[in-house]
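Q:
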Amino acid sequence: MRNLLVLIAGFTTLSAMYTPWSLWGDIEFRLVDLPFWYGYPVLVLVMVLAARWSRVAAAVSGAVTLAVAVALYLQYDNAEVLFPGGPVPAVVPAPGPGGTMAVVGVLAFWVLLALRRAAPAGATDRPR
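To convert, take the position in the sequence shown, counting from 1, and add 8; that gives the numbering used here.
(1) Would residue 9 be called buried (16 or more neighbouring beta carbons within 10 Å of its own) or exposed?
(2) Check for me: the beta strand (DSSP E) holding residue 31 runs from which residue to which?
(3) Could you tell me the distance, in whole angstroms, from the CA atom of residue 22 to the CA atom of residue 108?
(4) What are the boundary residues of the alpha helix (DSSP H) that residue 19 is part of?
(5) Tell me the residue span of the beta strand (DSSP E) that contains residue 37.
(6) DSSP beta-bridge partners for residue 146?
(7) Checking the sheet assignment: what are the DSSP bridge partners for residue 103?
(8) Would you give the residue range spanned by the alpha helix (DSSP H) that residue 53 belongs to?
(9) Considering only C-alpha positions, which residue in the set 124, 47, 118 and 11 is nearest to residue 77?
(10) Contact defined as beta carbons within less than 8 Å: I believe residue 20 pairs with residue 112. What is the distance between those atoms, to the nearest angstrom?
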């Protein structure tokens with residue numbers, strides 16, 4: 009179960025970086041096109057590193073990562089940022105799957121933290 013969650017958390021977190029977060033007709037905007045995009049990968053790194061140090065720090069950094077992902081996700085229709093000084097396509101923007109993948113990655117990470125807390129000391133998924 010844990011190995012599957014690790015794969016889900018890692019895949020969704022990394023995929024979120026390269027999956028469109030905003031769709032304007034045929035135009036796709038990935039994470040790097042959104043304002044303050046660099047906050048998300050930095051916070052993901054802090055979240056993962058904090059998990060090695062403290063569960064509380066990992067949970068808090070996960071909450072901040074989730075908040076940043078949601079804040080970026082809500083910028084999907086910000087035409088001033090996505091089309092600075094240029095014409096804006098006459099289409100209705102839609103959120104892409106990138107933000108959802110980021111949220112799923114953080115939630116899977118939190119489940120891993122909860123399972124780690126529930127496991128007895130020294131217990132692993134690896135056979136001996």
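No residue lacks a Cβ here, since even glycine has one placed at the ideal position from N, Cα and C.
A: Walking through what the data contain:
(1) exposed
(2) 30 to 32
(3) 12 Å
(4) 10 to 26
(5) 35 to 37
(6) Here the chain covers residues 9 to 136 and nothing more, so residue 146 does not appear.
(7) 30
(8) 47 to 61
(9) 47
(10) 5 Å
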